[in-house]
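Let me begin by presenting the structure, written as structure tokens, before commenting on it.
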Amino acid sequence: MWRKETGVPGISNHNKAAPLCLEAAVSGASDVLEKVSGPESCSQVKLKPAGQCGDEEECPYQITLPPLTIQLPKQFRLLEKTMKELQSLKETVRQLRSACMECSQQADQSLPKHSTVARLKEDQSRGDGGTRAPKNSSTSNDVIQEIQTKMNRMSISLKNARGQITVLQGRLDLLDGLNLKNVEEVVDSRVSNITGVIDKLSSSCSTQCAAMGSPQHIIAPRDCSDYSIMKHRKNGVYKVIPDPRNGTFEVFCDMESYGGGWTVIQHRMNGSVNFNRTWADYKKGFGNVDGEFWLGNDRIHLLTKAKDMVLRVELQDFEGVREYAKYDQFYVANEFLNYRLSLSGYSGTAGDAMHFGKHFNHDQKFFTTRDKDNDMYPSGNCGAYYGSGWWFDACMSANLNGKYYNKKYKGKRDGIFWSTWHNMTTEYYLTNYRQAFKTVTMMIRPKNYAP
Ligand SMILES: [Ca+2]
459 MWRKETGVPG
469 ISNHNKAAPL
479 CLEAAVSGAS
489 DVLEKVSGPE
499 SCSQVKLKPA
509 GQCGDEEECP
519 YQITLPPLTI
529 QLPKQFRLLE
539 KTMKELQSLK
549 ETVRQLRSAC
559 MECSQQADQS
569 LPKHSTVARL
579 KEDQSRGDGG
589 TRAPKNSSTS
599 NDVIQEIQTK
609 MNRMSISLKN
619 ARGQITVLQG
629 RLDLLDGLNL
639 KNVEEVVDSR
649 VSNITGVIDK
659 LSSSCSTQCA
669 AMGSPQHIIA
679 PRDCSDYSIM
689 KHRKNGVYKV
699 IPDPRNGTFE
709 VFCDMESYGG
719 GWTVIQHRMN
729 GSVNFNRTWA
739 DYKKGFGNVD
749 GEFWLGNDRI
759 HLLTKAKDMV
769 LRVELQDFEG
779 VREYAKYDQF
789 YVANEFLNYR
799 LSLSGYSGTA
809 GDAMHFGKHF
819 NHDQKFFTTR
829 DKDNDMYPSG
839 NCGAYYGSGW
849 WFDACMSANL
859 NGKYYNKKYK
869 GKRDGIFWST
879 WHNMTTEYYL
889 TNYRQAFKTV
899 TMMIRPKNYA
909 P
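Per the numbering used here, the very first residue in the sequence shown carries number 459; after that it's consecutive.
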């Protein structure tokens, strides 16, 4: 129920003649307004004089009326609500109209002029402007349709792009899943194998070329085994030419031990030569080939690429004990591949110290010197620590280029080392004495050599 204490708007101005006004307002609308104050409220009506009577028989009186309460039916409230809704609807229509006008203006501006002009011309040429909707409206409809089409196209492109992104994301996830280290290892070993094959091919080619170019058909001795075949049976220094393009150099040949034909690539016998050397020294070689020496990584590479080579390591301690380790395959890659070592097929008595286990394996390792760290030890340089150039892992189970000790020693194991030597297990602690070796020899011979 809607109540009004002081009257209905539009009525309050006529408070002085309330009954009259009520009558006026009620006339024709008696079903809307209802006077609720009963007859007894009339007794509260007070009338008192308000001044002297005038000359024209009129006397001023003041009339006081009781408060008026009017109850209106709920339909009246609905009416007001409807009015409000109508008002808001009107406002919405107005806003829509203005928005529509703005929109069509923008579309006209953004569209290429020729298309609008063309469409207008088209409309004019049809001559049906009069019977159709006004031209402006038709044009704006077209514009809206065109925008719609463009938006559809953009939405499709967007959907396609999203699809492509999803596919790419999938591929990225796959790549993430691959262990990069495994990939590196596979690539490394493939490169190493390929390099080996290329080296062999290039070597056999250059040998053939040299043989064909020479009228006497004399093949230059590529290593000591060629001298052995030519019946040279004496140990000593010989000139070899493993690759005609790289010239000759001197090597020491062991023609007497184990069938002869051995090209010596390293020898230790008295500690007269310092083996704690730089990359350049190990590359070029140092010492004297008829004394202590390292033949040089470039030369070792040339010798092992010319033929499939076998390596024999000879060790002798200060008690005169001799042991050996033989490897059926021995190859040293070029400098570009950091003279990577390939070594397999062990036999012998000294034990396979070059493949000590999963964590100490010198096969497929790069050469490291104190000034060039290619080892597998991330927080330091094994070459610098052990004062040697070698195919270090992280770091070693064998190191034939370590320091030369004249007798057993204590402390850092930086001497000549072969971890599988028969009594090596007794020197686990730093307080123990370490094995020292009197002589070490590394020598190679072609795998198919027949003495
Ligand atoms: Ca390192």
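Glycine included, every Cβ here is placed at the ideal spot set by N, Cα and C. Predicted model only: the values in this text are computed from it and were never measured.
Tell me which residue opens and which closes the beta strand (DSSP E) that residue i is part of.
i: T522; result: Y519 to T522
i: T827; result: Careful: T827 lies outside any beta strand (DSSP E) and carries neither H nor E.
i: G694; result: G694 to V698
From the DSSP secondary-structure annotation, give me the bridge partner or partners of residue i.
i: H813; result: N819
i: G806; result: A783
i: H880; result: DSSP output for H880 lists no bridge partner at all.
i: R726; result: V898
i: M420; result: Within the shown structure, residues of the chain are numbered from 459 to 909, placing residue 420 beyond reach of any answer.
i: F875; result: N857
i: Q510; result: Q510 is not bridged to any residue.
i: G867; result: For the sequence presented, residue 867 should be read as Tyr rather than Gly. DSSP lists R892 as partners of Y867.
i: T721; result: C711 and I902
i: L616; result: DSSP, once it has assigned bridges, lists no residue as partnering L616.
i: F751; result: H725 and G745
i: D681; result: According to DSSP, D681 bridges with nothing at all.
i: N504; result: Note that residue 504 is Lys in the sequence shown, not Asn. Partner(s): T522.
i: W848; result: T826
i: L773; result: E781 and V898
i: L799; result: V790
Using 8 Å as the threshold, is the C-beta distance between residue i and residue j below it?
i: C711; j: Y685; result: yes
i: L795; j: T653; result: yes
i: N839; j: V790; result: no
i: G809; j: A842; result: no
i: L970; j: F788; result: One cannot answer for residue 970 here, as it falls past the ends of the chain, which runs 459 to 909.
i: E750; j: R726; result: yes
i: V503; j: P525; result: no
i: T807; j: I902; result: no
i: Y862; j: C853; result: no
i: N734; j: E714; result: no
i: W737; j: T827; result: yes
i: F776; j: K865; result: yes
i: K870; j: D851; result: no
i: C682; j: G719; result: yes
i: R680; j: I699; result: yes
i: H820; j: A856; result: yes
i: S598; j: S562; result: yes
i: M900; j: V771; result: yes
i: W879; j: E781; result: yes
i: V695; j: D748; result: yes
i: I723; j: I687; result: no
Between which two residues does the alpha helix (DSSP H) containing residue i stretch?
i: T899; result: Premise fails: T899 lies in the beta strand (DSSP E), F895 to P904, not in any alpha helix (DSSP H).
i: C711; result: Looking at the DSSP string, C711 is not in any alpha helix (DSSP H); the run it does join, the beta strand (DSSP E), is F707 to D712.
i: A842; result: C840 to Y844
i: A738; result: W737 to K742
i: D701; result: Where D701 is concerned, there is no enclosing alpha helix (DSSP H), given that its DSSP letter is neither H nor E.
Report the CB separation of residue i from residue j in whole angstroms; it is logged as a contact under 8 Å.
i: M767; j: P904; result: 6 Å
i: Y867; j: Y835; result: Wrong, their Cβ atoms sit about 23 Å apart, outside the cutoff.
i: N859; j: W876; result: No, N859 and W876 are not in contact; Cβ-Cβ is about 12 Å, not under 8 Å.
i: F818; j: Y797; result: Between Y797 and F818 the Cβ distance is about 19 Å, and since that is not below 8 Å, they are no contact.
i: L773; j: V641; result: Their Cβ separation, rounded to whole angstroms, is 38 Å, which puts L773 and V641 out of contact at 8 Å.
Mind checking if residue i is an interface residue toward chain C, Cβ cutoff 8 Å exclusive?
i: E515; result: Among the chains of the structure shown, chain C does not appear; only one protein chain is present.
Looking at residue i and ligand 2, is the gap between the Cβ and the nearest heavy atom below 7 Å?
i: G809; result: Looking for ligand 2 in the displayed structure turns up nothing; the ligands present are ligand 1.
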